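Going down the list, the sequences are from chains A and B.
When you line the first sequence up against the working numbering, it's residues 84 to 637, in that order.
When you line the second sequence up against the working numbering, it's residues 145 to 492, in that order.
Think of the CB as a built atom: it goes at the ideal place given N, C-alpha and C, for glycine as much as any other residue.
These numbers were taken from a predicted model, which means no experiment stands behind them.
Worksheet for the structure shown next.
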Amino acid sequence: MDEGGAPLSSAFRERRAALALLAPALLFLAVFLAYPLQGILRESFTQEGGFGPLTEDTYFLERAWFTAWQATVSAGLTLVLALPVAYVLACYEFRGKAALEALITVPFVLPTIVVAVAFTALLGPQGVVNGALQAVFNLDEPPVRLLNTLWAILIAHVFYNVALAARIISVSWARLDTRLEDAAAMLGAGKGTAFLRVTLPLLRTPILAAASLVFLFCFTSFGVVLILGGPQYGTLETEIYRETLFLFRLPVAATLAIVQLIATFGAMWVNAALQRQTAQPGAMRRRSLAWTTGRRLTVAAIVSTIAVVTIVPLVALAERSVHGDAGYTLESYRRLDDNVRQQVLFVAPITAVRNSVSFALLTMLVALPLGTLAAHGAVRLRSSLAEAVVQLPLGVSGVTLGLGFLITFNRPPLDLRGSPAMVVIAHTLVAMPFVARTVAAQLRSLDPRLREAAAMLGASPLRAFVAIDLPLTWRSMLAGGVFAFAISMGEFGATLLIARPEYPTIPLAIFRYLGQPGAVNYGQALAMATILMAVTAAGFFIIDRLRYREYGGF
Amino acid sequence: MHTRIALLIGLIVVIGMLATACGGDEGKTTITVVTHDSFQLTEDLIREFEEEHNATVKLLPKGDAGSMTISLVLTKDRPEGDVAFGVDNTFLSRALDAGVFEAYESPLVGKIPAEFRAEGAGFVTPIDYGYVNFNYDIAALKAKGVEPPKTLEDLATAKYRGMTVVENPASSSPGLAFLAATVAYFGEAGYLDWWRAMRANGLVVVDGWETAYYTNFSLQGGEQPIVLSYATSPAFEQIFADPPREDSPTANILPPKGVFRQIEYAGILKGTKKQDLARKFIDFLLSVPVQEDIPGQMAVYPVNPEAKVPEAFSRFSEVTVPLAEVSAADMAANRQKWIDDWTKAVLR
Numbered sequence: 084m085d086e087g088g089a090p091l092s093s094a095f096r097e098r099r100a101a102l103a104l105l106a107p108a109l110l111f112l113a114v115f116l117a118y119p120l121q122g123i124l125r126e127s128f129t130q131e132g133g134f135g136p137l138t139e140d141t142y143f144l145e146r147a148w149f150t151a152w153q154a155t156v157s158a159g160l161t162l163v164l165a166l167p168v169a170y171v172l173a174c175y176e177f178r179g180k181a182a183l184e185a186l187i188t189v190p191f192v193l194p195t196i197v198v199a200v201a202f203t204a205l206l207g208p209q210g211v212v213n214g215a216l217q218a219v220f221n222l223d224e225p226p227v228r229l230l231n232t233l234w235a236i237l238i239a240h241v242f243y244n245v246a247l248a249a250r251i252i253s254v255s256w257a258r259l260d261t262r263l264e265d266a267a268a269m270l271g272a273g274k275g276t277a278f279l280r281v282t283l284p285l286l287r288t289p290i291l292a293a294a295s296l297v298f299l300f301c302f303t304s305f306g307v308v309l310i311l312g313g314p315q316y317g318t319l320e321t322e323i324y325r326e327t328l329f330l331f332r333l334p335v336a337a338t339l340a341i342v343q344l345i346a347t348f349g350a351m352w353v354n355a356a357l358q359r360q361t362a363q364p365g366a367m368r369r370r371s372l373a374w375t376t377g378r379r380l381t382v383a384a385i386v387s388t389i390a391v392v393t394i395v396p397l398v399a400l401a402e403r404s405v406h407g408d409a410g411y412t413l414e415s416y417r418r419l420d421d422n423v424r425q426q427v428l429f430v431a432p433i434t435a436v437r438n439s440v441s442f443a444l445l446t447m448l449v450a451l452p453l454g455t456l457a458a459h460g461a462v463r464l465r466s467s468l469a470e471a472v473v474q475l476p477l478g479v480s481g482v483t484l485g486l487g488f489l490i491t492f493n494r495p496p497l498d499l500r501g502s503p504a505m506v507v508i509a510h511t512l513v514a515m516p517f518v519a520r521t522v523a524a525q526l527r528s529l530d531p532r533l534r535e536a537a538a539m540l541g542a543s544p545l546r547a548f549v550a551i552d553l554p555l556t557w558r559s560m561l562a563g564g565v566f567a568f569a570i571s572m573g574e575f576g577a578t579l580l581i582a583r584p585e586y587p588t589i590p591l592a593i594f595r596y597l598g599q600p601g602a603v604n605y606g607q608a609l610a611m612a613t614i615l616m617a618v619t620a621a622g623f624f625i626i627d628r629l630r631y632r633e634y635g636g637f
Numbered sequence: 145m146h147t148r149i150a151l152l153i154g155l156i157v158v159i160g161m162l163a164t165a166c167g168g169d170e171g172k173t174t175i176t177v178v179t180h181d182s183f184q185l186t187e188d189l190i191r192e193f194e195e196e197h198n199a200t201v202k203l204l205p206k207g208d209a210g211s212m213t214i215s216l217v218l219t220k221d222r223p224e225g226d227v228a229f230g231v232d233n234t235f236l237s238r239a240l241d242a243g244v245f246e247a248y249e250s251p252l253v254g255k256i257p258a259e260f261r262a263e264g265a266g267f268v269t270p271i272d273y274g275y276v277n278f279n280y281d282i283a284a285l286k287a288k289g290v291e292p293p294k295t296l297e298d299l300a301t302a303k304y305r306g307m308t309v310v311e312n313p314a315s316s317s318p319g320l321a322f323l324a325a326t327v328a329y330f331g332e333a334g335y336l337d338w339w340r341a342m343r344a345n346g347l348v349v350v351d352g353w354e355t356a357y358y359t360n361f362s363l364q365g366g367e368q369p370i371v372l373s374y375a376t377s378p379a380f381e382q383i384f385a386d387p388p389r390e391d392s393p394t395a396n397i398l399p400p401k402g403v404f405r406q407i408e409y410a411g412i413l414k415g416t417k418k419q420d421l422a423r424k425f426i427d428f429l430l431s432v433p434v435q436e437d438i439p440g441q442m443a444v445y446p447v448n449p450e451a452k453v454p455e456a457f458s459r460f461s462e463v464t465v466p467l468a469e470v471s472a473a474d475m476a477a478n479r480q481k482w483i484d485d486w487t488k489a490v491l492r
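Below is the structure:
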């Protein structure tokens, strides 16, 4: 060891510390991502089934193009809506803000089939909107047709992701130094110019971070494309699903999974590099803008828009769950608790809530430290590659990885068959990149001189970390924590094949009810979905309260 | 602030421990049943089996029939369970070819009509069956002023333009079953012509049964009054009507030779060390109490003719027409080709 030798250069020490911070995340990824992935890819290429249409025509090329195209457009549309929302969340204090922020995030956890049901209730041919339009304009045919169109995919992607983007951007926006904008105003810049020339450039890092997460999520989009878009649309991920489970062409699926992984990894690498280039550490100044009539109107307009896009479908869903033939009734909720058919796999709502919340908290518990440390490590290492590696799980096909878990963690040294740990691991894989990205985005805008000052005053790296970095990134950690919680509540990604019937969750219960015909089953599915929304909103609200309270006094 | 972090972490740890704490049953043999997400039985029946054989039954649902089959194939060296229930005749060949099942013939199998035993004899045991066919929304068709279609050809006529929704055979088990039925009905040479005519007639294709039934079918607010579902769906619509009603809001369209019969099988997984118990479990699935329980829980018909079915099944869901004939071997040999050709004809 070189401890006792010549004093280490500070650059080397910094590098070593950065690697140590990255190590837990890298180890986690090596064991739970790389290992099962190589297992399934190797197995896939030995399976028969052939490469079929892969080289036959341009079908898959078109699908790859569509995948990238819709992800880009979805991310763009999401940002257009997310920026004003981030502005409101970052710059104003008002009653009900925490509740608003919690509610607009709820869509993130909803199973796609439930969202499809909500959209049908609102925008379907017999839905509220078409009913009203037909009555007003005296039309014979419903004018709005959304399901199974490209617009359904794009709108759903915005619906799912707008809160994610708004949260990441608002965390940094709330800390922007207002003096820069004031200076621009003094120098004669109008509000628009000041925003375009000063605020927006300062927000480039969080905007890129948000855009990249939304892009990745839409790139690997599965349920939305499959269910809302319909079979005429397909992403690489939906093709992998079809090739694996219905066509049994594992070599084709594996090839597509590799293409998807390389494409997303490349995109993340470029994105991380862009973020690094544009990052500008600034002083931290939280400001709340004073209310003027103009600002009141602006905020009201933004809040109403986001409410129409995200909250109205949720309300439509909740309304349907209490809608009986003769007025409103809680019958569906009462039935949930009553195992009339004495089913062996019956899921009592309280059990489902307990399991879902436990998995979500455990996922937070694992993903938060892993992601936070990785973010600190990657930012200190100034390595775009390291950052892209931490994002890798988001580019991996859920179906492929699920099968990988199945065939690699079924024997020593890691025999995890039927273990609930598999669920937490799978959720953590998706949640960790979110935490890392959110924390890194804010970390970049921190002034490194603060830590240097601490070091000069004799603080050890650990003490500087605990005293400087941690408190200053606490908000972004909680923002990341919200998504770790949400990802687990919504059962994302690789859980498709990871069965754990002893611990049924809320989404699982929803699928059970929606799996059978009959109005009673439909009603119970909607009631369960409403419970999922309520529990998730409550979870967000509690986490957000911690965040607001901590900095309420600034 | 540090206390707050500590509190938060402490809370998470406590809840996590509460959630994962679990006890074990001593001295009992555990039998694990790999199945699909639609599996259900009355709890008491399972408990009786456990008591009789001093065993614990662990159920392991693995998504839909497709993901269950691929799981069985990929884990055949180290199976996740001892018995598998729910592989159907559209996926059976894949599992048989991979050799995931161990030979077993239940003593009760003699009671089961030979037509159910044609496939996989000696390895898998038929347990239940269902029919894949179109349902229609009675009130919606009446409102449109058209009588219910009787044949597949009817559906392609202008009268029923834009009224039909089906599931994609590349992502749905009933979708795949029905594609096979159209091949049997129209023949290899003609089935794609019918599909092209359907496409020109405004056919809607969606990913899976849940989407078709709960977002596209007019019964729950969708647009199409005709949906590809199961023959038992009208019975379930009556049994689970809200508010209760005497009749069913939907009915079956049963074109002769245009209905696919899905048979679900159970088999012992090769590599199990609990052969005796696994065999007992298969016999248990064929026993009359379980067979009579299956219709109400899983919306399928029992293979054991001694088992009675709910009254609603005979009232709303009886199928007496001749069926589409597709063997499991046909299915295995042509699955990829059919799906690829269908995708080109209908979706591109």
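B:Asp420 to B:Leu240 span [Cα, whole Å]:
21 Å
In or out: A:Phe566 buried (at least 16 other Cβ within 10 Å) or exposed?
That one is buried.
Could you give the residue range of the beta strand (DSSP E) that holds B:Lys401?
Element bounds for B:Lys401: n/a, residue is neither H nor E.
Cβ atoms of B:Val227 and B:Ile426: under 9 Å apart, would you say?
yes
Measure the beta-carbon distance from A:Leu330 to B:Ala314 and round it to whole angstroms, keeping in mind my assumption that it falls under 8 Å.
7 Å
Nearest-angstrom Cβ-Cβ length linking A:Thr188 and A:His240, presumed shorter than 8 Å:
Rounded, the Cβ-Cβ distance is 15 Å, inconsistent with contact.
Where the segment 209-240 of chain B meets chain A: residues whose CB sits under 7 Å from a CB there
Result list: Gly210, Ser211, Ile214, Ser215, Leu218, Thr219, Arg222, Glu224 and Arg238.
To the nearest angstrom, report how far apart A:Leu120 and A:Ala151 are at their CA atoms.
23 Å
What is the DSSP secondary structure of B:Leu413, reduced to helix, strand or coil?
strand
Where A:Ala204 meets chain B, residues with beta-carbon distance less than 8 Å:
Gly365
With DSSP collapsed to three states, give me the class of B:Gly230.
strand
Three-state secondary structure (DSSP) of B:Pro427:
Residue identity differs from the one stated: residue 427 of chain B is Asp in this sequence, not Pro. Helix, per DSSP.
For a contact meaning CB atoms closer than 9 Å, what does B:Leu188 contact in chain A?
According to the sequence as given, residue 188 of chain B is Asp; it is not Leu. Residues of chain A passing the Cβ test: Gln425 and Val427.
Looking at the strands, I want to know which residues DSSP matches up with B:Glu246.
B:Ile412
Assuming B:Tyr273 is part of the beta strand (DSSP E), what are its boundary residues?
Val268 to Asp281
Answer yes or no: do B:Phe229 and B:Phe245 have a C-beta to C-beta separation smaller than 9 Å?
no
Using beta carbons (cut-off 9 Å, strictly below), is B:Leu336 in contact with chain A?
no
Fully enclosed by the segment 285-327 of chain B, which beta strand (DSSP E) runs are 3 residues long or longer?
308-311
Looking at A:Thr303 and A:Glu320, is the spacing between their C-beta atoms short of 9 Å?
Yes, Cβ-Cβ distance for A:Glu320 and A:Thr303 is below 9 Å.
Out of B:Glu195, B:Leu236, B:Ala443 and B:Gly171, point me to the one whose CA is closest to B:Ala410's CA.
Measuring from the Cα of B:Ala410, the nearest candidate turns out to be B:Leu236.
DSSP beta-bridge partners of B:Lys206
For B:Lys206, which the question treats as bridged, DSSP gives no partner whatsoever.
Ordered list of alpha helix (DSSP H) runs contained in the segment 479-520 of chain A, each at least 4 residues:
Correct list: 481-491.
CB contact flag (B:Ser373, A:Pro600, <9 Å)
yes
Could you check where the beta strand (DSSP E) with B:Ser373 kicks off and where it finishes?
Ile370 to Tyr374
The beta strand (DSSP E) with B:Val177 in it runs from where to where?
Thr173 to Thr179
At 8 Å on the CB atoms, spell out the chain B contacts of A:Arg500, in chain order.
The contacting residues are Glu224.
Is any beta-carbon of chain B found at less than 9 Å from that of A:Ala577?
Summary for A:Ala577: the model assigns pLDDT 46, below 50, so the residue's position carries little reliability, and this model does not support an answer.
B:Val490 versus B:Trp339 - alpha carbon distance
7 Å
How many Å lie between A:Val192 and A:Gly598 at the Cα?
19 Å
What first and last residue would you give for the beta strand (DSSP E) that runs through B:Val349?
Val348 to Val350
Check whether the Cβ of B:Gly167 lies closer than 9 Å to any Cβ atom in chain A.
For B:Gly167, the predicted structure reports a pLDDT of 41, less than 50, and the residue's modelled location is therefore unreliable. The matter cannot be settled from this model.
Chain-ordered residues of the segment 388-417 of chain A with a beta carbon less than 7 Å from chain B
Asp408
In angstroms with no decimal places, state the Cα-to-Cα distance between B:Lys294 and B:Ala302.
Spanning the alpha carbons of B:Lys294 and B:Ala302 requires a straight line of approximately 14 Å.
Quick check on DSSP: helix, strand or coil for A:Thr303?
Here A:Thr303 sits in coil by DSSP.
Proximity below 9 Å, CB of A:Val522 to CB of A:Met560
yes
Buried versus exposed, by CB contacts within 10 Å (16 or more), A:Val391
exposed
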